[in-house]
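Residue numbers (our numbering), protein chains in the order written: chain A, 124 to 378; chain B, 687 to 872.
Backbone N, C-alpha and C fix where the C-beta goes; we use that ideal spot for every residue, glycine too.
Everything numeric in this text was worked out from a predicted model, so none of it was measured.
In what follows, a structure is listed as structure tokens, so that the remarks can point back to it.
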């Protein structure tokens, strides 16, 4: 079988399947979230109160010492041009095992009341994504992902970067290892950039692992070190992930 | 004009069907063809061939979703045209990236399997896609059916590009295992 034969066979998919993938509501949903963000905060607060009994404790397990050498590679170095010429790749040199295993212990951020959750996706038991928006400042956002370790390492074994940060050509980003409590994390800072042709909002990311899964916390560039530390310290293990999901049909895909 | 009216025209062999189809879906089909061919001239021809193919197909076929029925024809005609154009050398652009990615599903294979039944393989792929999450399935189709760019998929699904890439990587890996299990020689 050749790749062209495989591609041709994909062309035999039925109309219903391909129609579903092209529906417009993903985007419209996101716009809707922005519009109703203020109203959602009330629901979010209620949700937090309801969820509290399910929170079974802070994530002490997430604060293990890591033996990785996080490094970044620029698109111009050649490796990343496969996907885009304007990206940095972030390699997470951490061994977490090769066995296919779904996430066992789910985590969620216990944020303050100024944040409203705008996305909660559970992706096939291997990946969760949560996003919050600051109701007082819509430019400020917060993002938390958890990925089953074998997925992350599998991606690395394929010599693909685990994660990518899109940047305009010429923009510099910095990466350094930081210590938060007992935890070692890789911190990526992407400052705002505007050269008159391209412009991007800045952002900051923290990557770490508890030895089982890989975590990523992303936020606006203006976010202070104290705030990031606060969030890392306010990760909560949760028993019932479904209470925290909305915004994508795959939330119901738990098999 | 409503799709059902257009389909009725095809069934009644009313040539106005082609005019109406072209008016309603011409731009849409052109975009699909251009995503694969990256040539306005070739894309225009692929779209014109699409109308003829639709005319020949309906009846006996009756589209479930006319837009996707046409999308499928355009996509496959554009790909045939791409193959003719690139028989001697590798092409470039988004399709070539997508094909490179699909190589991961077939191991070392660049061996043409003459006995391969594409319809059966397509059916098996559909069965496989029904075993993964709705979102992974949609992302896979957007990338390998419509050849949409990663950035475009990420935008439409309100996701980061890396999340899309990870989803695709995971699905490719699973598809490969599935194809092996189904007895395909990779």
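Partner residues on chain A for residue i, Cβ-Cβ distance less than 7 Å
i	result
residue 802 of chain B	124 and 128
residue 743 of chain B	Result: empty, since nearest Cβ-Cβ is about 12 Å, beyond 7 Å.
residue 703 of chain B	Simply none; closest approach about 18 Å.
Proximity test, Cβ basis, 7 Å: residue i and chain B
i	result
residue 303 of chain A	no
residue 271 of chain A	no
residue 167 of chain A	Unreliable positioning characterises residue 167 of chain A in this predicted model, as indicated by a pLDDT of 39, which lies under 50. A coordinate reading is not provided.
residue 158 of chain A	Interpretation of residue 158 of chain A is limited by its pLDDT of 42, a score under 50 that renders its predicted location unreliable; no figure is taken from the coordinates.
residue 368 of chain A	no
For residue j and residue i, the rounded distance between their alpha carbons
i	j	result
residue 859 of chain B	residue 271 of chain A	15 Å
residue 828 of chain B	residue 814 of chain B	16 Å
residue 764 of chain B	residue 732 of chain B	6 Å
residue 274 of chain A	residue 687 of chain B	47 Å
residue 857 of chain B	residue 701 of chain B	43 Å
residue 347 of chain A	residue 312 of chain A	12 Å
residue 204 of chain A	residue 817 of chain B	Any reading at residue 204 of chain A needs caution, since the residue's pLDDT is 44, under 50, leaving its predicted position unreliable; the model's value is listed next. So the alpha carbons of these two residues sit roughly 32 Å apart.
residue 268 of chain A	residue 341 of chain A	9 Å
residue 872 of chain B	residue 761 of chain B	25 Å
residue 127 of chain A	residue 227 of chain A	38 Å
residue 290 of chain A	residue 219 of chain A	29 Å
residue 740 of chain B	residue 771 of chain B	23 Å
residue 830 of chain B	residue 788 of chain B	8 Å
residue 355 of chain A	residue 854 of chain B	29 Å
residue 724 of chain B	residue 768 of chain B	10 Å
residue 310 of chain A	residue 251 of chain A	20 Å
residue 706 of chain B	residue 720 of chain B	21 Å
residue 262 of chain A	residue 695 of chain B	51 Å
residue 260 of chain A	residue 807 of chain B	51 Å
residue 714 of chain B	residue 353 of chain A	48 Å
residue 178 of chain A	residue 368 of chain A	In this predicted model, residue 178 of chain A has a pLDDT of only 28, less than 50, meaning its place in the structure is not dependable; the value taken from the coordinates is given anyway. Answer to the nearest angstrom: the Cα atoms are 15 Å apart.
residue 254 of chain A	residue 265 of chain A	6 Å
residue 129 of chain A	residue 328 of chain A	37 Å
residue 839 of chain B	residue 213 of chain A	21 Å
residue 781 of chain B	residue 722 of chain B	6 Å
residue 169 of chain A	residue 360 of chain A	Below a pLDDT of 50, predicted positions are generally treated as unreliable, and residue 169 of chain A, at 37, falls in that range; the measurement from the model is reported next regardless. Each residue's alpha carbon lies about 19 Å from the other.
residue 258 of chain A	residue 350 of chain A	16 Å
residue 234 of chain A	residue 357 of chain A	7 Å
residue 140 of chain A	residue 307 of chain A	44 Å
residue 325 of chain A	residue 299 of chain A	16 Å
residue 106 of chain A	residue 331 of chain A	What the structure shows of chain A is the stretch from 124 to 378, and residue 106 of chain A is not part of that stretch, so it cannot be assessed.
residue 709 of chain B	residue 783 of chain B	32 Å
residue 336 of chain A	residue 221 of chain A	12 Å
residue 229 of chain A	residue 236 of chain A	22 Å
residue 315 of chain A	residue 323 of chain A	6 Å
residue 728 of chain B	residue 738 of chain B	16 Å
residue 832 of chain B	residue 810 of chain B	19 Å
residue 861 of chain B	residue 743 of chain B	31 Å
residue 802 of chain B	residue 124 of chain A	7 Å
residue 364 of chain A	residue 245 of chain A	8 Å
residue 691 of chain B	residue 755 of chain B	15 Å
Neighbour list for residue i in chain B, Cβ cutoff strictly below 9 Å
i	result
residue 385 of chain A	Summary: the structure shown does not reach residue 385 of chain A, with chain A confined to residues 124 through 378, and so no result is reported for it.
Closer than 7 Å at the beta carbon, the chain B residues around residue i
i	result
residue 363 of chain A	What residue 363 of chain A touches in chain B: nothing, since even the nearest Cβ is about 19 Å away.
residue 234 of chain A	Correct list: empty, because the minimum Cβ distance to chain B is about 19 Å.
Contact set between residue i and chain A, taken where Cβ atoms lie within less than 8 Å
i	result
residue 734 of chain B	What residue 734 of chain B touches in chain A: nothing, since even the nearest Cβ is about 19 Å away.
residue 831 of chain B	133, 134, 136, 141 and 144
residue 870 of chain B	124
residue 824 of chain B	143 and 144
residue 758 of chain B	134, 136, 138 and 141
residue 697 of chain B	Chain A residues near residue 697 of chain B: none, gap ~17 Å exceeds 8 Å.
residue 792 of chain B	124, 125, 126 and 129
7 Å Cβ cutoff, residue i in contact with chain A
i	result
residue 805 of chain B	yes
residue 854 of chain B	no
residue 779 of chain B	no
residue 812 of chain B	yes
residue 847 of chain B	yes
residue 828 of chain B	yes
residue 694 of chain B	no
residue 747 of chain B	no
residue 770 of chain B	no
residue 838 of chain B	no
residue 767 of chain B	no
residue 761 of chain B	yes
Contacts of residue i in chain B (Cβ-Cβ under 8 Å)
i	result
residue 343 of chain A	Within chain B, no residue comes near residue 343 of chain A; the closest Cβ sits about 14 Å away, beyond 8 Å.
beta-carbon residue i near the ligand GTP non-hydrogen atom, thresh 6 Å
i	result
residue 290 of chain A	Absence of the ligand GTP is noted for the structure shown, with no ligands found whatsoever.
Contact list for residue i against chain D, beta-carbon separation under 8 Å
i	result
residue 738 of chain B	Looking at the structure shown, chain D is missing, and the protein chains on hand are A and B.
Contact list for the segment 241-255 of chain A against chain B, Cβ threshold 8 Å: Identification of residues in the segment 241-255 of chain A having a C-beta nearer than 8 Å to some C-beta of chain B yields 242, 244, 246, 247, 249, 250 and 252, given in sequence order.
Inside the segment 220-277 of chain A only - beta strand (DSSP E) runs reaching at least 3 residues: Within the segment 220-277 of chain A, complete beta strand (DSSP E) segments of at least 3 residues are found at 229-232, 238-246, 250-257 and 264-271, given in chain order.
Length at least 4, wholly inside the segment 692-729 of chain B: the alpha helix (DSSP H) runs in chain order: Under the rule that a run must span 4 or more residues, the alpha helix (DSSP H) segments found entirely inside the segment 692-729 of chain B read 702-723.
Continuous beta strand (DSSP E) assignments of at least 3 residues falling wholly in the segment 320-364 of chain A: Runs found: 326-332, 336-343 and 358-361.
Residues, ordered as in the chain, of the segment 287-301 of chain A that lie near chain B by beta-carbon distance below 7 Å: Correct list: 287 and 289.
Residues from the segment 708-736 of chain B in contact with chain A, defined by Cβ distance under 7 Å: For the segment 708-736 of chain B, the beta-carbon criterion of a distance under 7 Å to any beta-carbon of chain A is satisfied by none of its residues.
Start-end ranges of the alpha helix (DSSP H) lying completely within the segment 794-838 of chain B, minimum 4 residues: The segment 794-838 of chain B contains these whole alpha helix (DSSP H) runs: 804-815 and 820-830.
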